[in-house]
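Data block below; observations after.
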Amino acid sequence: MHETSLRAPGLPLPDPARRARIRVHLERLGAGPRANFETLCALVDAAEQLPSGFMLIHHMMRELESALREVLRESKAVTDPDGGPGERRRAQILAMLADLPLVAGEQAEARRAEVAAGIAELELAGSGENQRKEIRAIAAGLDLAAEVVAGWAGLAGELHGWAHRRNLEPPRPVDAEVLERVDLLERILDEALDAHATRYGTFVHERLRALLALDAPTKTHAQALPKDFPQDTLTQQVFFTEAGPAWITPLHTAKVFRNPPGLLEDGGVPWWPASAYLVRMAEQAQITEQTDPDEAARRASVQVEIVQAAQGIPDSENPRVGMDLARIARLLEPDRAVRLTDQLVRALAAPHVLGPEHYAAAAAVLADGHGDAAAKVLRALLALDAAEDGYGAPSTRIGDWEYGEVLRTHVPVLVDTMGIDALKLFASLVAESAGDAEIATVWLPAVADAQATEPLFDPRVGLVAAARDVAVRLAEAGTEVEAILAVLPLAPAGLLARIRLHLLGLEPFAAAVPDLVREVISDPGLLHERATETEFLRLVQARAELLAPAERATLQTAIEAGPDTAAWQERRLEQGGSELAAEVLALLETAWRLDRYAAAAAILDDAGREVLGNLVETHGTAPFQRPRIRPVGGFARSAQAAELAGAQSSRELADRLAAAAEAADGQDQDPLEALSAASGLGGELRAAVAAGAAAYSADAAELAEAEAHLVACALGGFGDGLRRGAVLDWDGLQPLVAAAAAARGTARYEAVVLLRTAAEIGALPAHAAGWVWPILAGALSPDPSSEPAPDAAHRGQAVHAVAAFASWARQAEIEEAQAAVDALAGLDPGTEPGPVAEAVGAETATLRVLGHPAAGERLAALAPGTTGFTGYLRSDDLPADRVMLPLFEQALNVELPAADHQKLGIRLLRLYFNDELDLAPGGLAERWWRHPRTDGQTRRGLALTLAAARLEADGERDLFNRYVDWRLDALGPQPGAVLTGPERLELLTLAPTCLRTAPTGEALARLARILAAAGDLPGEPRAWQWLVEAYRTEPLAVLDLLHEWSKHLSSSAGLAAGRRDEQITEIWTAALNSDDPAQIELATKAINRAAAAGYPSYLQLTTTAQQ
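For the sequence shown, the working numbering assigns the number 101 to the initial residue and increments by one for each residue that follows.
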């Protein structure tokens, strides 16, 4: 290599902006020209010149120039199939040369002279004159500047010579003249391609008009499309937008549908005009009840051709291709759509899926006469992949949001199309995915609470919700309740039975079959069934009053008789365990009675109500009425864990635990292995105790002799079991909790956590307060034998436990409540170590809630910058208090941690929404937002908090929109500029909430301000669906908004199929089909801008005249 400076003083410098524009244009024309331009730039900009750089540069220039003419010149493929006069003259000369040996005498001399003249003519044509003619013709069509035309014509014919060697002479150098040629070519590319883009619709349509005007196209004509026309997306778009049904079979036989585009290198999913054409043909060939018989026959014939062509489309990883197949299927008659079933199923098995709603709609079409095919597609769409560990929630193929949307939006359609068969389908999907009936009660505590569209949910819950909602919709539509219930049998006990029991509690069902409800409530088998327990108890609670007096007495008698403990023992033995101990049976029986007495409370006689009162006094709220908290612990997995879980009592568990520990001690392990083994044993103990918490709590004192860390794990297991709804024997637990509290350290910590959990969910029996309070009070005291840091963390947990105990005891009117409140008030965050001070600060607001007289004073004493103040800021579940405003003022002058500064902002927001803080200039709110620590990420975090708020009251909505206007005033960039980074994301995060909190006109005006500042509209699908709804009442405002939005579009905007572009298409289509010239003009402008920005697919919405 020869080192040289290609950019010496005086030489042309590259124009980055111009090159960026050229890249955008070339990207739309094809990957080849774009690659050639990148290569040219790399050669010219290289710090070191290649020895043959001169030829390589001119070779790239030649390729680019010829590609430019190829794209812009008029094609002769259809208007002159043999290639035009030049090609005909070339063929004539070649024929004379071939015949020359056969000619003799004077005739031969004349023929030789004619051939020589022809060769000279061809050489002249190859010298650049033909290129210059083409350039002049192109320039006339594009109205290019004279200097550009002259420069372009000057290059014609010369690049070929510069790109090749001169005999065996040395390569020519890359000098200023070469760089000037490159600069000239860049100017030509920039202006010619930009002019072409501004005339995109007309220019391309004129080139294809002759082809599209053919009345009876053939395979030969169809082959001209990939052979003789530029293969850019724009040309393909125009052709497939205007081609009629006569082209379906020619294109199919020419194999045009055999090459779908794959995924882009960056993972993008390119649109395929060919498959979109078939979708359009299917739309035109739809057959409805109003279709004339002769027209229906013609459309049926077209549908056959569409299916044949669609069947020729190979499988592709590009999800747009599969989505278009689904769109085609949903438009066809069922007998033809069914032929695409297998392709739809394979598309749903691909790594990526778009437009799941189209697959669901296709299934609805197939359901009319092809139920098996419909079920096949729906099963592929709603298929669940089991968790890798076998324990977690299964995953969906289409993403949680799309899964929930399919269930939410298409269940009604499927019900309307399939009727009772829809319920049968979803019932079968539920049954197939449910797994063990009793384990299902863990991931679905109650059928009534199942939601299909939670942001994070077990998709099986969505299926249950769908089956439930299908049944309700069928009942509302008049389907016989008996027919609905027949699909949801009570046996075997499981999810279908739980759905049935839930439905019987609803008014339409209970009113239709009251006798059946009474029969179910009176069923002794259901009274004892564990898998359907929650729904049965809720049914009893809701409908027990339907029972006649004799039936009420019978039910109460059955509850008094108690559970079938013999069946419990038998089931235990069947599972490979030993018989349950008597004390365990007694505890389980108590929990059983508590639940059932509580469910039947409305019909109990005096004696029954007395029994219920005693049970609640001793054991707290009935388990089925308690709020469910997700367990902390996991499931046991190892053989050792199974051995532990098989214990019948804490005594047996302690023995097995000791044996496991002894076995581990006998092994030759290094310290790290020993630590890992001990940790694993503790985790398995925790899982085992959580699984059998009720049984083990009866003699929990037996575990007190274990090592301290194992005692802590056991207590953690009891806490996990409590969160899962276990009823614990608190008298049995007392010795273990007391021993752990006395032992201090981690064991005391877990004891405190257990008691805190019990107090928070109301699971503590009232009589336990007498021994619980001394333990919690003792846990507040420092432990001299512990290291300061862990001891402070443990005491901080004790502060939270005392606050929970105080709230529970005050509500239960227990005398220890005041002692707990006073103990909490006696802690001074200014003298306590960090974790304790932080907990005290967090719970100071609890004192305010509990009405302690010194609470306000204590709040006002929390100094900004202290740990106590930090704790207060981080107590997210407590309301902001106006008494803190002076401290918040001071906090702005203190160097708070970033997290605390953000929490301060959240507190200020709460005060604002309580109408206790304004947004006045120079006020507290403005000074926080202008504070140096209030960076873009902090503001974005605050916006996310606001976006998640419910804002149900009119006053809250008004305050929200005033806040957004305030932020827009503060963030608004200079005219013509847009925000970037977190500030832009802040506004886009707030935008969707603006749409649901203000009248349509006001919301659109505010959204326009956000667009002007952020340069985009929010990507959330619900926001775009809102625009569809808004268009119906404010069409011009919505269209003007989209027109402004199209000015900001770029090919990196990333419109996603099924999200933004479906709603955009719906709006622009409606506008173009309206009779309002203003709407048509705005939509046309926006569509052309979008096409110029790299989204030509929208041009299919316009007519040739509009383009």
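Glycine included, every Cβ here is placed at the ideal spot set by N, Cα and C.
DSSP bridge partner residues for residue i (one or two, in chain order)
i           : result
residue 485 : 495
residue 897 : Residue 897 is not bridged to any residue.
Residue j beta carbon less than 8 Å from that of residue i
i            : j            : result
residue 609  : residue 603  : yes
residue 895  : residue 853  : no
residue 1224 : residue 1195 : No statement about residue 1224 is possible, as the shown extent of the chain runs from 101 to 1207 and does not include it.
residue 795  : residue 680  : yes
residue 512  : residue 427  : no
residue 875  : residue 851  : yes
residue 892  : residue 934  : yes
residue 801  : residue 855  : no
residue 515  : residue 570  : yes
residue 311  : residue 324  : yes
residue 863  : residue 914  : no
residue 155  : residue 282  : no
residue 964  : residue 987  : yes
residue 356  : residue 326  : yes
residue 462  : residue 444  : yes
residue 948  : residue 959  : yes
residue 507  : residue 587  : no
residue 1070 : residue 1091 : no
residue 544  : residue 564  : yes
residue 1086 : residue 1111 : no
residue 484  : residue 498  : no
residue 231  : residue 134  : no
residue 527  : residue 639  : no
residue 517  : residue 583  : no
residue 599  : residue 645  : no
residue 749  : residue 798  : yes
residue 284  : residue 251  : yes
Candidates the options: closest to residue i by CA position
i            : options             : result
residue 686  : 971, 664, 674       : 664
residue 957  : 714, 950, 984, 964  : 984
residue 375  : 423, 560, 1001      : 423
residue 919  : 357, 1067, 887, 880 : 880
residue 546  : 559, 510, 632, 567  : 632
residue 509  : 476, 457, 527       : 457
residue 278  : 293, 259, 296, 581  : 259
residue 346  : 321, 135, 987, 359  : 321
residue 898  : 847, 885, 1175      : 847
residue 137  : 445, 503, 165       : 165
residue 970  : 997, 948, 953, 955  : 997
residue 1213 : 842, 606, 786, 1018 : Within the shown structure, residues of the chain are numbered from 101 to 1207, placing residue 1213 beyond reach of any answer.
residue 354  : 1051, 412, 167, 419 : 412
residue 348  : 329, 367, 384, 362  : 384
residue 560  : 530, 172, 140       : 530
> With a cut-off of 8 Å, do at least 3 Cβ pairs link the stretch 824 to 834 to the stretch 716 to 725?
Replying inline: yes
> Are there three or more Cβ pairs, one per stretch, closer than 8 Å when the stretch 443 to 461 is compared with the stretch 386 to 401?
Replying inline: no
> Going along the chain, which unbroken runs of the alpha helix (DSSP H) with 4 or more residues stay wholly within the stretch 798 to 862?
Replying inline: 808 to 823, 830 to 843, 845 to 861
>> Across the stretch 654 to 663 and the stretch 695 to 708, are there enough close Cβ pairs to call them in contact, namely three or more that are closer than 8 Å?
In response: yes
> Does the stretch 916 to 925 come within contact of the stretch 934 to 953, defined as at least 3 CB pairs closer than 8 Å?
Replying inline: yes
>> Report the start-end ranges of each alpha helix (DSSP H) in the stretch 601 to 672 that is 4 residues or longer and not cut off at the edges.
In response: 607 to 612, 614 to 621, 624 to 628, 633 to 643, 649 to 661
>> Three Cβ pairs or more, each shorter than 8 Å: is that satisfied between the stretch 389 to 396 and the stretch 333 to 342?
In response: no
> Are there three or more Cβ pairs, one per stretch, closer than 8 Å when the stretch 120 to 127 is compared with the stretch 233 to 253?
Replying inline: no
>> To test your reading of the DSSP string, which unbroken alpha helix (DSSP H) runs of 4 or more residues are found completely within the stretch 1056 to 1126?
In response: 1081 to 1095, 1100 to 1114
> Do the stretch 1019 to 1026 and the stretch 1041 to 1053 make contact, defined as three or more Cβ pairs closer than 8 Å?
Replying inline: no
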